[in-house]
Amino acid sequence: MDIIEIKGLRKDYPLGDTIVPALRGVDLTVAEGDFMSIIGPSGSGKTTLLNVIGCIDFATAGSVKVGEHEITSLTDRQITEIRLNKIGFIFQTFNLIPVLNVIENIEFPLLLMKKSAAEARKRADKLIEEVGLKEYAVHRPAELPGGQRQRVAIARALVTNPDIILADEPTANLDSVTGASILELMRRMNEIEKTTFIFSTHDANVLKYARRIVKIKDGLIEKEPALA
Amino acid sequence: MKLIFTIAWRNILRHKGKSLVIGVILFTGAFLMTVGNGVISGMAAGIEKHIVNGFMGDLVLISEAQKSDNILLNLMGSSIEPVTTYKQIKEVLAAQPYVKRFLPVGKNLAMVLDESTSAPGYAYLLGVDFAEYRKMFPESFTVIEGSYPAPGQRALLIPTFARDEFYDFYNIWFLPEGGQVVKENLKKEALANFATLNLSTNVVMMGMTSGINTTTDIRFPVTGINKFGALNQIFGHFCLVDIESYRECLGYFTAADMAAQVPKEEKELLGLEGGDLDSLFGGEMMVSDVKKAPKLKAAALNEPKLSEDGVYNAVFIKLNDGEDYGASLKKLNKALAGTGVRAVTWNKASGPMGGMALIIKSALFIFVMLLFCVAVIIIVNTLTMSALERSSEIGMMRAVGAHKTFIAGMFLGETAILSSVFGGAGILSGIVAVRLIPLLRITTQNDMLQLLYGGNFFNPLLSLGDVGLTAVQLLFVTVVAALYPMRVAVQITPLDAISRD
């Protein structure tokens with residue numbers, strides 16, 4: 001079943017008197033449980049594509065369906081609910097809440113969903129173990145190295161059992177060894193939780209982890225290369 | 001809610017510098033607002049005590065013919081219109097349940113004459129029934145030399161301020177009949193000239209009026225020297241005389257004249273408003289030279305309320321505690337229709353004094369509001385900067401599903417915590433300061449400052465209501481100050497956060 005359906009997606013950015021087209025008519029479908037990588041050079045539109053799928057940015061034209069929701073016609077409140085319940089984010093710069101410790105960061109989305117404190121803590125405890133950070137539960141993000149912070153971000157993204165996790169260059173700020181471990185973790189979570197992962201990268205070494213690769217260039221999807 | 005306050009509290013601790021800036025402003029604002037409210041309350045209580053309960057009452061009845069409401073500190077030369085219908089007025093007042101007490105008075109200007117000099121001085125005369133005056137204003141002044149006049153006694157009380165002024169003008173030191181010079185009460189200049197001090201135990205005064213009645217110069221024996229509890233320089237302009245002597249001085253009908261000379265039919269005529277004035281002064285009704293007028297025996301004056309039959313210039317009225325001025329004024333004026341008088345508030349009747357009290361109160365209020373505005377502006381700036389600096393964090397929260405209300409709640413929570421802690425500390429400090437200030441006995445001789453101080457010494461007061469008012473003002477500052485930063489914060493989108501990164 002397709003969890004994401006995109007047809008004729010266009011996204012333009014006004015730059016003074018000029019219009020800069022970031023996406024020029026993208027058609028894409030993503031199946032449930034996919035572990036997909038979007039690859040392309042800088043400025044190709046991969047981050048824009050992820051942002052539109054993640055309901056962070058809005059299409060200029062075209063149709064974007066996430067689950068059964070046509071997101072181009074939703075209100076801010078509805079879109080926020082979709083982000084909370086259906087989508088998890090992993091950012092390049094981790095973006096953890098600095099005043100909350102590891103376990104609190106992980107359970108944060110559950111508390112936004114008005115889950116009870118006990119329920120949220122129970123789920124967060126499970127995930128903190130899965131990402132291997134149990135002994136760092138009460139540490140603040142500033143006390144952790146980049147790789148561990150990204151693990152926290154992954155756990156936070158997974159805690160609400162989202163349908164989709166979007167990761168924008170998740171290993172860009174990490175060394176190759178740490179980056180590889182993060183990708184391994186993401187792949188494992190994909191297998192265990194059956195969550196659809198879509199991550200963008202311009203690093204060819206990252207591609208070997210993907211089960212599906214979508215190449216984007218100048219705002220358009222190119223033919224998908226066959227996987228080795 | 002717990003999450004919001006947890007994040008808010010930890011953010012306050014994380015950004016200690018900014019939190020301290022906002023905290024200090026809130027502390028200072030709350031402290032000054034508390035003390036300011038205390039000063040306003042102290043001033044109001046002082047006015048209540050010294051002016052309302054000490055000199056004029058809440059409301060004043062004046063003649064409808066009186067052009068200006070200001071009868072207390074009016075321009076020299078403009079006399080106060082007589083009120084001739086006191087008997088009728090008294091019945092009306094006695095029937096009003098909101099009226100606690102009332103006192104008819106005569107008030108006008110008199111020339112102070114001295115044989116040794118051709119240049120007259122001036123004094124305000126307040127003609128009263130001394131016994132009734134004491135019941136109306138029991139604590140308004142103390143007699144520091146001589147004695148308080150006995151009921152029905154012909155008497156003059158000179159306030160210390162007026163006595164000092166007379167000394168400056170005439171080089172005469174007045175003292176009570178049968179009294180001795182009290183060195184402690186002497187003015188500095190008089191003390192320096194003690195050996196050659198001119199003393200006198202009586203004063204000659206002639207009433208001044210723009211009416212057609214003929215005034216008379218009266219030699220007043222000085223019965224006592226009095227000092228007002230506060231505002232002595234303002235109230236100290238008023239020499240208190242017995243009402244009958246006042247009437248003689250001003251050429252009004254005395255009670256004796258009314259009782260002894262006026263036939264019944266013409267008495268009834270006198271009770272009418274707007275009657276033909278000429279007929280009142282024709283033939284046998286002309287006031288005779290007061291020196292030849294029959295001296296009323298003390299015994300005669302003890303007869304109940306005889307002095308009420310005569311002319312006054314005003315009636316001071318005290319309302320029951322808690323009565324609303326506006327409503328009482330309206331009801332009273334309605335009830336007094338046809339009696340030839342109208343009721344005004346003490347502020348209006350006291351002219352510049354009432355106006356000054358209002359100005360001081362308004363100035364204090366504006367000061368408190370300015371504090372409020374400055375606090376709001378600084379807090380708005382600081383919080384807005386904080387919101388912009390935390391764009392990544394806020395954008396990320398929005399990206400993972402935090403609604404705008406959560407973000408707004410977070411900012412409001414931070415401001416509320418700062419307000420409660422620092423603002424609360426400011427209020428408590430203000431309460432302590434208001435308690436301590438009266439102990440310092442900060443005094444002033446300046447009457448305008450005495451109005452502000454609420455008396456001779458600086459005496460701010462705080463009621464539970466005042467503390468509540470400050471808390472409400474603080475709450476208002478908190479909410480208003482948080483509004484714009486909240487708006488800035490909720491406008492931050494997840495995309496803004498990623499773009500900044």
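In order, the protein sequences belong to chains A and B.
Take the first sequence: its letter number 19 is residue 19 in the numbering used here, and every next letter is one higher.
Take the second sequence: its letter number 499 is residue 499 in the numbering used here, and every next letter is one higher.
We put the CB at the ideal spot given by N, CA and C, even for glycine.
Bear in mind the structure is a predicted one, so any value in this text is a computation, not a measurement.
Against chain A, the beta carbon of residue 17(B) has no neighbour under 9 Å; the closest one sits roughly 16 Å away.
In the three-state scheme derived from DSSP, where H, G and I count as helix and E and B as strand, residue 28(B) is classed as helix. The stretch 428-442 of chain B and the stretch 21-35 of chain B touch, with no fewer than 3 CB-CB distances between them shorter than 8 Å.
Taking the C-beta atoms as reference points, residue 227(B) is found nearer than 8 Å to residue 144(B). The beta carbon of residue 376(B) lies closer than 7 Å to those of 477, 480 and 481 in the same chain, with the five residues before and after it left out.
Inter-residue distance for residue 156(B) and residue 142(B) is about 14 Å (C-alpha atoms, whole angstroms).
Ranked by how close their Cα comes to the Cα of residue 382(B), the residues 69(B), 344(B), 246(B) and 486(B) have 486(B) in first place.
The stretch 148-157 of chain A and the stretch 172-184 of chain A touch, with three or more beta-carbon pairs separated by less than 8 Å. For residue 400(B), the closest Cβ of chain A is nearer than 8 Å. Considering only beta carbons, the part of the stretch 380-395 of chain B lying closer than 7 Å to chain A consists of 392 and 393, in chain order.
Nearest CB-CB separation between residue 56(A) and chain B: below the 8 Å threshold. For the pair residue 196(A) and residue 164(A), the CB atoms are nearer than the 8 Å cut-off. In the three-state DSSP reduction, residue 152(A) falls in the helix class (H, G or I). Unbroken beta strand (DSSP E) stretches of 3 residues or longer found wholly inside the stretch 126-213 of chain B: 141-146, 156-159, 172-174, 198-200 and 202-208, given in chain order. Rounded to whole angstroms, the separation of the alpha carbons of residue 247(B) and residue 129(B) is 12 Å. Under the Cβ criterion of 8 Å, residue 406(B) is counted among the residues facing chain A. Residue-level contact by beta carbon holds for residue 494(B) and chain A, with a gap shorter than 8 Å. If one requires a minimum length of 4 residues, the alpha helix (DSSP H) runs lying completely within the stretch 106-190 of chain A are 117-130 and 146-158, in chain order. The shortest C-alpha to C-alpha distance from residue 90(B) to any of 197(B), 46(B) and 341(B) is the one to 341(B). Taking every protein chain shown into account, the CB of residue 141(A) has 16 or more other CB atoms within 10 angstroms, so this residue is buried. Contact check for residue 28(A) against residue 221(A) passes: the beta carbons are separated by less than 8 Å. When the Cα atoms are used, residue 458(B) and residue 143(A) turn out to be separated by approximately 57 Å. In the structure shown, the three-state DSSP call for residue 209(A) is helix. Closer than 9 Å at the C-beta level to chain B, one finds these residues of the stretch 105-133 of chain A: 108, 109, 111, 112, 113 and 117. If you draw a 10 Å sphere on the C-beta of residue 168(A), you find 16 or more other C-beta atoms in it, and that means buried.
Each residue's CA atom was taken as its position, placing residue 160(B) and residue 85(B) some 34 Å apart. Pairing residue 37(B) with residue 408(B), the inter-Cα distance amounts to about 31 Å. DSSP places residue 218(B) in the strand class (E or B) of the three-state scheme. By the neighbour-count criterion, in which 16 or more other beta carbons inside 10 Å mark a residue as buried, residue 239(B) falls on the buried side. Nearest in C-alpha terms to residue 39(B), of all of 184(B), 454(B) and 385(B), is 454(B).
In the displayed model, residue 369(B) falls within a helix according to three-state DSSP. Two segments are said to touch when three or more pairs of C-beta atoms, one from each, lie closer than 8 Å; by this definition the stretch 37-54 of chain A does not touch the stretch 357-366 of chain B. Judged by DSSP secondary structure, residue 32(A) falls outside any alpha helix (DSSP H); it is assigned neither H nor E. Taking C-alpha positions only, residue 194(A) is separated from residue 188(A) by approximately 9 Å. The alpha-carbon of residue 225(B) is positioned some 20 Å away from that of residue 108(B). Neighbours of residue 53(B) in chain A, taken as residues at a C-beta separation under 7 Å, are lacking, since the least C-beta distance is about 58 Å.
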